[in-house]
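Beneath this line is the structure, given in structure tokens, with notes to follow.
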Amino acid sequence: MAFTRVAKTSDIIEGHGKCVDVGGKKIALFNDGGTFYAIDDTCPHKGGPLSEGQLNGNNVTCPWHAAVFDVTTGAHLSGPGASNVNKYAVQVVGDDVEVDA
Ligand code: FES
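Last residue of the sequence shown: number 939 in the working numbering, and the count goes up by one each step with no gaps.
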């Protein structure tokens, strides 16, 4: 386990996501009601940026063709493509958000 500091808690508005870089890997970090979740940013369908998708509860909708993923597990729930995305552990230390990716 190697957590990397990627953002301040205040950098990500509740109900939104942000793309962060962890060792060259693009990770989508979400703030769901003050709890943070991290999954791959790149949609496995055609590469859409999941961090720019609409967050509804635990589900994010890809902005390109509307595939839906559970941000807590990375599971593909509906829409085009059939692959899950990776999910990463997140911890908050003080006001820093850290991801293990
Ligand atoms: S690129 Fe995400 S649904 Fe097509």
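We put the beta carbon where it would ideally sit given N, CA and C, even for glycine.
Since the structure is predicted, the reported quantities are computational estimates derived from the model, not experimental observations.
- In the three-state reduction of the DSSP assignment, serine 916 falls in the strand class.
- Collapsing the DSSP output to three states places aspartate 879 in coil.
- Screening all residues for a C-beta within a distance smaller than 7 Å of any heavy atom in the ligand FES leaves Cys881, His883, Lys884, Gly885, Gly886, Cys900, Trp902, His903, Ala904, Ala905, Gly917, Pro918, Gly919, in chain order.
- The beta carbon of isoleucine 877 lies closer than 6 Å to those of Ala866, Val909, Gly912, Val923, Lys925 in the same chain, with the five residues before and after it left out.
- Ranked by how close their Cα comes to the Cα of alanine 920, the residues Asp934, Val931, Lys884 have Lys884 in first place.
- Going by DSSP, glycine 855 is part of the beta strand (DSSP E) stretching over 854-860.
- The distance from the Cβ of asparagine 894 to that of leucine 915 is about 11 Å, inconsistent with a contact at the 8 Å cut-off.
- According to the DSSP assignment, asparagine 869 belongs to the beta strand (DSSP E) that extends over 863-870.
- Excluding sequence positions up to five before and after lysine 856, its CB lies within less than 7 Å of the CB of Ala845, Asp849, Ile850, Leu867, Ser889, all in the same chain and listed in chain order.
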